[in-house]
Amino acid sequence: MSLKLHPELHLPKSHWSRHTLLQGSVGSGKTQILLPIIEQIIRADHKLFLFDTKGDFTSYFKKPIIVCPFDERSYYWDIAADCRYPLQAAMLAEILIPGSPDQKNGDFWSMAARQLLVAAIRSLQVETPGVWTWADLALLKNQSAAAMLPMIQEHFDSASSLVENTESQTTASLLSTLVAQTKMIDDMAMAWPVRKENRRFAITEWAQDGDKGRKQVIVQSGPEEGMTKAYISALVNLAIPEIISPKLPDAEKDRFIGFVFDELATAGRLNIGPLIDKGRSKGVVFIGCYQNIAQVAQVYGDKFAEAMSSMVGTHIICQLQIGETREKAAQQLGKHRVAYRTHDDNVAVHEESRALISPGELTDRLGPRKGKHYGPHGFGVRAIVQMGGDPLLLDFPGVVMRTKRPGQIPARWMTQPHQRNNLAIPGPTQAASLSAQPKRVGMTKEEIDQFFRE
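Going letter by letter, the sequence shown gives residues 0 to 453 in numbering that gives the first Met the number 0.
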């Protein structure tokens with residue numbers, strides 16, 4: 000299960016299980032380094048979960064299936080198979096309705112709406128186990144309070160007090176919050192309205208050893224940033240408990256579960272901490288790419304960004320432009336002691352510590368290069384690889400990949416106009432009875448003036 004990081008640097012599986020971080024500015028050559036690694040994983044038929052932001056990897060590799068609500072070729076995400084138990088229902092609701100970062104103790108409206116969503120998911124888990132769809136969930140969570148109350152009382156009674164008074168303004172505000180914060184579910188229902196048995200994907204099944212489905216899957220970003228982050232974080236966060244669970248036996252050498260993220264910060268807040276520090280014994284190989292450490296810190300926090308760097312065994316540094324990321328990368332590479340002699344009358348030898356690589360060199364000495372000696376295609380990428388010990392300055396040969404399919408084909412729900420809902424028109428008897436009822440008439444302007452004068 001060994002892979003080549005560089006044509007002349009063959010690393011065993013035990014080293015890849017220590018994970019890899021690849022950083023570099025725009026146009027620094029990160030994709031050129033990543034392409035041969037992904038090609039080896041696919042050729043060896045290892046499990047691979049690949050986040051593709053620009054569609055490059057989708058167009059170059061035809062074998063992986065696509066799971067993306069924005070792509071017409073997407074497999075159906077079988078949410079019923081990935082969310083079977085109450086604990087998973089709570090996890091999914093937490094992802095779909097995240098807490099407000101400004102509220103230290105949590106936002107009441109978001110927390111209450113999350114409880115109602117848990118009730119809807121629990122109801123589907125009991126009533127239609129294994130076959131419910133995103134459309135079913137959208138239908139339940141968009142109900143009125145009166146229709147929702149019996150369902151909540153039966154499947155999640157502790158949340159019934161939230162909508163017990165079906166006519167109150169608080170209940171109306173709560174349901175409005177639920178509908179507003181779960182727009183992604185409505186979009187998912189349009190993207191995947193029906194379950195497709197022969198074209199479905201469940202990540203909790205994919206993570207298990209006995210899965211017979213396709214081993215490589217590509218998830219993509221799309222025009223809706225919030226939806227992209229929500230569905231990718233839901234997929235990953237539902238898979239992680241299955242992977243690090245004791246029921247999956249340790250098999251670091253014999254199992255390969257690859258997670259590769261092109262532009263890690265754009266995938267949303269993923270629960271990658273357990274994946275990095277506990278996934279090694281399960282055979283997990285994590286490769287994360289980013290442009291700027293500040294982007295990662297903004298999503299995950301400063302402390303986790305620092306901890307992530309210390310938990311990863313291999314760091315690949317491509318060309319970096321002026322900024323905090325470049326300064327930190329230079330510090331990360333360490334220092335060396337330099338001895339020099341003075342040239343005055345009192346000759347003396349002095350020693351001092353200097354940065355092994357200055358910040359300016361991370362801009363000038365790294366990045367894309369041209370020339371026959373950089374590879375058969377006449378170009379390559381120069382980068383620094385640090386794996387413990389002395390850093391390596393390596394020239395990666397450039398690769399030219401053939402496009403095998405479009406990077407993304409927009410899904411029909413994104414390109415077609417909205418279809419009108421079929422509303423039932425009342426018959427003559429119903430219409431007559433409705434017209435016979437007394438109509439509520441508002442006060443005229445004169446009546447309002449008279450009311451306030453009195």
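Quick reminder that beta carbons are idealized off the backbone N, C-alpha and C, glycines included.
From a predicted model like this one, the values you see are computed outputs, not experimental measurements.
Beta-bridge pairing of Ala70 - partner residues as DSSP gives them: The question names Ala, but residue 70 is Asp in the sequence shown. Beta-bridge partners of Asp70 (DSSP): Pro409.
field: Which listed residue (Val259, Glu262, Leu263 and Ser309) has its alpha carbon closest to that of Asp276
entry: It is Ser309.
message: What does the Cβ neighbour count give for Lys3, buried or exposed, with the cut at 16 atoms within 10 Å?
response: Looking at its Cβ environment, which holds fewer than 16 other Cβ atoms inside 10 Å, Lys3 is exposed.
- request: With DSSP as the reference, label Lys302 as helix, strand or coil.
  value: Correct three-state label for Lys302: helix.
- prompt: Going along the chain, which residues of its own chain have a beta-carbon closer than 6 Å to the beta-carbon of Thr402, five neighbours each way excluded?
  reply: Ser58, listed in sequence order.
query: What does DSSP give as the partner residues of Val348 in its beta bridges?
result: The partner list for Val348 (beta bridge, DSSP) reads Arg340.
field: Top-ranked residue by Cα proximity to Glu326, from Ala338, Met400, Ile184 and Ser357
entry: Residue Ser357 holds the alpha-carbon nearest to the alpha-carbon of Glu326 among Ala338, Met400, Ile184 and Ser357.
task: Could you give the DSSP three-state label for Gln415: helix, strand or coil?
output: The answer is coil: DSSP assigns Gln415 none of H, G, I, E or B.
- request: Give the single residue among Cys82, Ala329, Lys62 and Gln39 whose Cα lies nearest to the Cα of Ala238.
  value: The shortest Cα separation from Ala238 among Cys82, Ala329, Lys62 and Gln39 belongs to Cys82.
task: Counting only the same chain and skipping the five closest in sequence on each side, list residues whose C-beta sits under 8 Å from that of Ile37.
output: Here the set comprises Leu47, Leu49, Phe56, Phe60 and Val259.
Separation of Ala233 from Leu91, as counted between CA atoms: Roughly 6 Å separates the two Cα atoms.
- request: Measure the C-alpha to C-alpha separation of Pro35 and Leu319 and round it to an integer number of angstroms.
  value: Answer to the nearest angstrom: the Cα atoms are 22 Å apart.
field: Sheet register partners of Arg198 (DSSP bridge)
entry: DSSP links Arg198 through a beta bridge to no other residue.
task: Measure the C-alpha to C-alpha separation of Arg411 and Glu71 and round it to an integer number of angstroms.
output: In this structure, the alpha-carbon of Arg411 lies about 7 Å from that of Glu71.
field: Reduced DSSP category for Ile64 - H, G, I as helix; E, B as strand; rest coil
entry: The answer is strand: DSSP assigns Ile64 an E or B state.
- prompt: Nearest to Glu7 by CA position, among Gln418, Val384, Pro367 and Met413, is which residue?
  reply: Residue nearest to Glu7 within the set Gln418, Val384, Pro367 and Met413 is Val384 (criterion: CA-CA distance).
- prompt: Which class does Ile356 belong to by DSSP, given the choice of helix, strand or coil?
  reply: It is coil, neither helix nor strand.
message: Considering only their Cβ atoms, is the gap separating Leu33 from Leu115 smaller than 7 Å?
response: Between Leu115 and Leu33, the C-beta spacing is not below 7 Å.
- request: Can you check the segment 249-319 for any beta strand (DSSP E) of at least 3 residues that lies completely inside it and give the ranges in chain order?
  value: For the segment 249-319, the continuous beta strand (DSSP E) assignments of 3+ residues that do not extend past its boundaries occur at 256-260, 283-289 and 313-316, in sequence order.
- prompt: Under a CB-based cut-off of 7 Å, is Leu33 close to chain D?
  reply: Although the question refers to chain D, the structure presented lacks it and comprises just one protein chain.
field: Distance, Gly387 Cα to Leu10 Cα
entry: Spanning the two alpha carbons is a distance of roughly 13 Å.
- prompt: Going by DSSP, what residues sit across from Phe107 in a beta bridge?
  reply: Within the DSSP secondary-structure output, Phe107 pairs in no beta bridge.
query: Do you know how far the Cα of Leu365 is from the Cα of Val216?
result: A straight line joining the alpha-carbon of Val216 with that of Leu365 spans about 32 Å.
task: May I ask you to list the residues that DSSP assigns as paired with Ala382?
output: Answer is Leu393.
task: Check whether the Cβ atoms of Leu123 and Thr181 lie closer than 7 Å to each other.
output: Leu123 is not a Cβ neighbour of Thr181, given a cutoff of 7 Å.
query: Got a sec? Which residues, its chain only, sit under 7 Å from Ala206 by beta carbon, not counting five neighbours each side?
result: If you ignore the 5 residues before and after Ala206, its C-beta comes within less than 7 Å of the C-beta of Ala238, Glu241, Ile242 and Ile256, all in its own chain and listed in chain order.
Start-to-end residues for the beta strand (DSSP E) that takes in Gln207: Careful: Gln207 lies outside any beta strand (DSSP E) and carries neither H nor E.
Residues near Asp185 in its chain [Cβ-Cβ closer than 7 Å; skip 5 each side]: Taken in chain order, the residues that qualify are Ala137.
Alpha-carbon to alpha-carbon, Glu262 and Leu20: Taking C-alpha positions only, Leu20 is separated from Glu262 by approximately 11 Å.
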